[in-house]
Amino acid sequence: MKKILIVLGTVGAFTDVALAQSNVTLYGLVDLSYQHLSSGDSSPLAGQSLNRLADGSAFGPGSRWGLRVQEDLGNGLKANVVLESGFAGDTGVSANGGRLFGRQAFISLASATLGEIRLGRQYAFHDEVTVLNNPYGNSLVTNPAAVANTFATGSIPLFIDAPRIDNTVQYISPTFYGLRLQAMVAAGEGLVDRYQGLKGTFANGPLNLALSYEQSKARVATPGVGAAGDAVNKIWEVGGNYDFGRFKLLGGYQNGKDLTTGSAGIITAPATSGGIGTQIATLTLPGLAGPATRLKAYTVGALMPVGAGTVALNYTRTKFENAAGSNRTLGRIGLVGTYSLSKLTTVYTGIGVSNGDLKDFINEKRVFQLGLRKTF
Amino acid sequence: MKKILIVLGTVGAFTDVALAQSNVTLYGLVDLSYQHLSSGDSSPLAGQSLNRLADGSAFGPGSRWGLRVQEDLGNGLKANVVLESGFAGDTGVSANGGRLFGRQAFISLASATLGEIRLGRQYAFHDEVTVLNNPYGNSLVTNPAAVANTFATGSIPLFIDAPRIDNTVQYISPTFYGLRLQAMVAAGEGLVDRYQGLKGTFANGPLNLALSYEQSKARVATPGVGAAGDAVNKIWEVGGNYDFGRFKLLGGYQNGKDLTTGSAGIITAPATSGGIGTQIATLTLPGLAGPATRLKAYTVGALMPVGAGTVALNYTRTKFENAAGSNRTLGRIGLVGTYSLSKLTTVYTGIGVSNGDLKDFINEKRVFQLGLRKTF
Amino acid sequence: MKKILIVLGTVGAFTDVALAQSNVTLYGLVDLSYQHLSSGDSSPLAGQSLNRLADGSAFGPGSRWGLRVQEDLGNGLKANVVLESGFAGDTGVSANGGRLFGRQAFISLASATLGEIRLGRQYAFHDEVTVLNNPYGNSLVTNPAAVANTFATGSIPLFIDAPRIDNTVQYISPTFYGLRLQAMVAAGEGLVDRYQGLKGTFANGPLNLALSYEQSKARVATPGVGAAGDAVNKIWEVGGNYDFGRFKLLGGYQNGKDLTTGSAGIITAPATSGGIGTQIATLTLPGLAGPATRLKAYTVGALMPVGAGTVALNYTRTKFENAAGSNRTLGRIGLVGTYSLSKLTTVYTGIGVSNGDLKDFINEKRVFQLGLRKTF
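Chains as they are written, first to last, in our numbering: chain A, 1216 to 1591; chain B, 1216 to 1591; chain C, 1216 to 1591.
The structure is reproduced here in structure tokens:
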């Protein structure tokens, strides 16, 4: 997936290169699939089916190109830059609300002994945990964070997933005996909720575990949830996987409380992804009085290598609760097969079938996909 | 025009490179010209003249940068990605309605014996045929698809040209004795007309020929043209050129029937280039009752190499008809000279003069241009 | 700051390379700083303080990536392309109003003996002069062109700075005995004011001097300033620096007359930066009747190398006058320290303190910043 551009410093002559050399890597991924949707009877498509050519951002890895810069400063210190630009491969349109580097944009200083400080637009911790929870790392129909289009709300995720946070300062510890800690804050800057999160990961041979907790400080009061300054959108998530060699088991659990739409009324285009409340704004659900303020979701799955490919299966189920304790459920079983033409090029096919109270309210009640993915 | 970035896979070590190497080519073109327009008396400029610095997208090749990725998968199989981004060189603004990779975005698998499958945003077939029809391949004032600004309608092309289609699946056959076939479909995805097209090309030594037929299935009914589901915007085009050595002759003919504005009323920004009806939306013409629903256009031209440059001349004439059979005409004669400073850098000058019923309704009644183009 | 991508022409074989080789350099800079603002009592923040992670575009060098293309055409002739894309490193959002290459986009032919012709979007001359006037070249709190957010007007700069002009044709002379002349024009193209400017620079050992004069021809009449066709927004600026070895002294003066909002009423998104009147549109100031039509501003400063870093101090003061001769003042003292971890990576800290009549109307009455910058 990564390529090194051979890059030489131009400062004077080759004798200077050691002092002023950065490796610049231009990398990317394009994923497109044919998708056939069978919609629920109460969905916007009203039971009809739809054929589409869809970018990976719908049930796959979103297409992207990016620049990764690394400079060795000596004494175990490195400076890094990541600029990652998302786009829809079927239309060429920028993803992430039209941002140039909407997937990731950060600069960091990393010490081998003291850890790393990162500044910029970065992944939310629950999104990083979700990657461990399912067979293909937040892609294909096995992704519990993939969004389905619903009748009443526009869209609904099985796992809450506001993948990226603006204006973040993150600290990443060195790894001690497989354990690594991360802490991240983002001042609201007067425009959106203040964000803060903690995450721990443990990796030891075949075992990968992760735990995250995140919350926002509300910028404005939210009726039924709390006052300005209250902690809202409290999300904790645990997940991981274990590789038995012949196959890998994966699973995770997410719990969201005091869910709100974040800084209601002031969310504008560049700020919409600024808080973790973004996707939560959609949780007005058919048959549920008022918005869902609580979510409990789990996912379990397995992945098995088969020759040059893999086969994987998982199941995700979510319960959305409103303030009065009433709830609605949605689930999805996903079955996927992949075949790698090389380390960089893969064809895949998958099917996802929904169940639960809300299955007839979404366009993607049943999804079939057949796709091609190429990294560079 | 193409450059190879030397790129190495980082997967593990150099011994892996053979398995996981993609060539990534960063390429581009910038074209800017000084243009002097003499407008028609009934045009928006009301007979006045205008000086401007214009990007190639006005009577030239639009400025662009792009990434071309190619991976040899063995057994005659290749995986390709093309991501091409258009912009205005005079202002730095994105072209193609602000899309990041609005010129082209596709992924493909190509077999030496079975042909190629391409998924994404690709050129419409009539645009590819038009490239053969005129001396400088859809650039400079000899381009029959270049758009002129008109009094009543905003803009008008001599050849219909909706250059790119979203969400396409294209099959390109191998070449048999110089003959190659292409077929392309794009599901409307519930938002725009469904597109389908066929194209054949024949190349043999000095001779290049191409023929295309395209049509849409209307998503909604269009008054005076047809019901939802009817075939509309039927466009066929033939064209080619013959290189006599001392000079090259070029010509083409385009015929459009049942022209509509496509999915009237639902064309939104990302979708406007999704169907082939896009530019047809403008064909409300001065002196013609109702929109033009039929177009017949031809172009003839010649190109002669002269030292390190070329001289070329062509004439294009179009007849626009409404449903009642009334018509209006517009033509343009173009004369261009180019001089190549290298294989990658060219200066050029040209003049275009319009005639026909509509000549006094367009800003570009007469156009002079003097420009510089650099590829990389 | 610059890297050469090793690039080979693909035209045929290696024997062709000499004829068709362009060097393509992919370069960039990311700058992010933690900033603490103490606002004035009458500012939008009403005396409160604000913490933010800010891109270099606020009191620093704006983050960017770009492509620089150079081709040697022989006989002392070179063809060049610069495409430079700005973005906010804290959010990944495009800078310069969403333009793809909004910082710079031009193509040029440069002769060693005859000078250079550049076409495209280029820096205004007063912006180039301002670079010489202050310790860190239009970055950090010592930048006199940095914009502060104000109560009545949205924003206010100490030096007028409309950094870039669209549609420009610039001539740059060769250097004679350290002296170089530049002339630039941009036709208004019927949309914005016509621009014209002259600039001279002199460089000799430790001395750098620059002088510029720019004005627009108003496209429409401006009440209180003049008729359509009148010269408006007349800005001249002088500045320079002298390097004594132990330290460098820097200073500059800017004078603006007949300031208007440019083509009032027709300024649309892509055109807003098209004239030099852009930022001047904001000069409606608290306590001043009517807009300021005249500005006089100076800046003085010093920069001292200290080990692997620098320390610098400067002071800038501006007087804004309305047509009646009443005026309001604003000033800022800036103190900055930088430390270079390498030639490409720098940490810095700075403080800016405002004074003058307007100091309590701006958010950035006092600014502290602590940042990290990496070039590549």
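Just so you know, even glycine gets a beta-carbon here, dropped at the ideal spot from N, CA and C.
Distance, Cα to Cα, residue i vs residue j?
| i | j | result |
| --- | --- | --- |
| B/S1478 | B/V1407 | For B/S1478, the pLDDT reaches just 36, beneath the cut-off of 50, and the residue's location in the model is therefore unreliable, although a value from the coordinates is still provided. C-alpha separation (whole angstroms): 5 angstroms. |
| B/A1512 | C/P1359 | 58 angstroms |
| C/L1265 | A/K1589 | 44 angstroms |
| B/G1492 | A/L1500 | Only weak support is given to the placement of B/G1492: the predicted model assigns it a pLDDT of 38, under 50, and the question is left unresolved by the model. |
| A/N1596 | A/D1458 | With chain A represented from 1216 up to 1591, any question about residue 1596 of chain A goes unanswered, as that position is not in the structure. |
| B/L1214 | B/S1557 | Nothing can be reported for residue 1214 of chain B, as the shown portion of chain B is limited to 1216 through 1591. |
| C/V1296 | A/N1419 | 51 angstroms |
| A/R1543 | A/T1345 | 22 angstroms |
| B/V1562 | A/G1275 | 46 angstroms |
| A/P1421 | A/F1462 | 11 angstroms |
| B/T1487 | C/G1281 | For B/T1487, the pLDDT reaches just 34, beneath the cut-off of 50, and the residue's location in the model is therefore unreliable, leaving the point undetermined. |
| B/P1372 | C/N1578 | 51 angstroms |
| B/R1333 | A/L1573 | 36 angstroms |
| C/G1546 | C/F1535 | 11 angstroms |
| B/A1442 | A/A1261 | 22 angstroms |
| C/T1240 | B/V1239 | 15 angstroms |
| B/I1482 | B/G1313 | In this predicted model, B/I1482 has a pLDDT of only 24, less than 50, meaning its place in the structure is not dependable enough to derive any value. |
| B/E1286 | A/S1555 | 13 angstroms |
| B/G1454 | B/Y1386 | 21 angstroms |
| A/D1575 | B/G1330 | 41 angstroms |
| C/T1514 | C/K1449 | 19 angstroms |
| A/Y1242 | B/E1299 | 15 angstroms |
| A/G1516 | A/G1565 | 14 angstroms |
| A/G1460 | A/A1310 | 37 angstroms |
| C/A1363 | C/S1278 | 19 angstroms |
| B/I1495 | B/P1506 | Legend: pLDDT at B/I1495 = 43, less than 50; position of this residue unreliable, no value from coordinates given. |
| A/D1256 | B/G1289 | 47 angstroms |
| C/G1522 | C/L1559 | 16 angstroms |
| A/G1405 | B/K1580 | 54 angstroms |
Tell me residue i's beta-bridge partners as DSSP assigns them.
| i | result |
| --- | --- |
| A/I1375 | For A/I1375, which the question treats as bridged, DSSP gives no partner whatsoever. |
| A/V1568 | A/I1548, A/R1581 |
| A/K1432 | A/R1409, A/A1446 |
| C/Y1468 | C/V1453, C/Y1513 |
| B/L1244 | B/R1279, B/T1590 |
| C/D1287 | C/K1293 |
| B/A1320 | B/L1298, B/R1336 |
| C/H1251 | C/N1266, C/F1583 |
Based on Cα-Cα distance, which residue from the options lies nearest to residue i?
| i | options | result |
| --- | --- | --- |
| A/V1582 | A/L1573, A/S1555, A/V1551, A/G1571 | A/V1551 |
| A/S1253 | A/F1591, A/Y1338, A/L1573, A/V1568 | A/V1568 |
| C/D1473 | C/I1375, C/A1504, C/N1456, C/T1508 | C/T1508 |
| A/D1445 | A/Q1430, A/F1340, A/T1416 | A/Q1430 |
| A/K1553 | A/A1436, A/N1364, A/L1587 | For clarity, residue 1553 of chain A is Thr in the given sequence; the question names Lys instead. Taking only the C-alpha atoms, the option nearest A/T1553 is A/L1587. |
| C/T1306 | A/Q1319, A/D1305, A/D1342, A/L1268 | A/Q1319 |
| C/F1391 | C/G1415, C/F1302, C/Q1263 | C/G1415 |
| A/G1304 | B/F1316, B/Y1468, B/K1293 | B/F1316 |
| C/A1504 | C/S1541, C/V1308, C/F1417 | C/S1541 |
| C/S1258 | C/S1248, C/S1237, C/S1370, C/N1353 | C/S1370 |
Taking residue i as the query, report the chain D residues whose CB atoms sit under 8 angstroms from its CB, ordered along the chain.
| i | result |
| --- | --- |
| A/V1296 | Looking for chain D here will not work: the only protein chains present are A, B and C. |
Exercise. Identify each residue in the region 1375-1408 of chain C for which the Cβ-Cβ distance to at least one residue of chain A is less than 9 angstroms, and report them in chain order.
Key: none
Practice problem: Closer than 7 angstroms, Cβ to Cβ, to anything on chain B: give me those residues from the region 1314-1346 of chain C, in chain order. | Solution: R1314, L1315, F1316, G1317, A1320, I1322, L1324, L1334, G1335, R1336
Quiz prompt | Cβ contact (3+ pairs, closer than 8 angstroms) linking the region 1515-1527 of chain A and the region 1316-1330 of chain A | solution = no
Exercise. Select from the region 1266-1279 of chain B all residues with a C-beta closer than 7 angstroms to any C-beta belonging to chain C, and list them in chain order.
Key: N1266, R1267, L1268
Exercise. State whether the region 1336-1343 of chain B contacts the region 1346-1356 of chain C, with contact taken as three or more CB pairs (one from each stretch) at a distance under 8 angstroms.
Key: no
Quiz prompt | chain A contacts made by the region 1557-1576 of chain C, where a contact means CB separation under 9 angstroms | solution = S1557, K1558, L1559, T1560, V1562
Practice problem: Identify each residue in the region 1496-1516 of chain C for which the Cβ-Cβ distance to at least one residue of chain A is less than 9 angstroms, and report them in chain order. | Solution: none
Exercise. Return the residues of the region 1414-1425 of chain B that lie within a Cβ-Cβ distance of less than 7 angstroms from chain A, sorted by chain order.
Key: none
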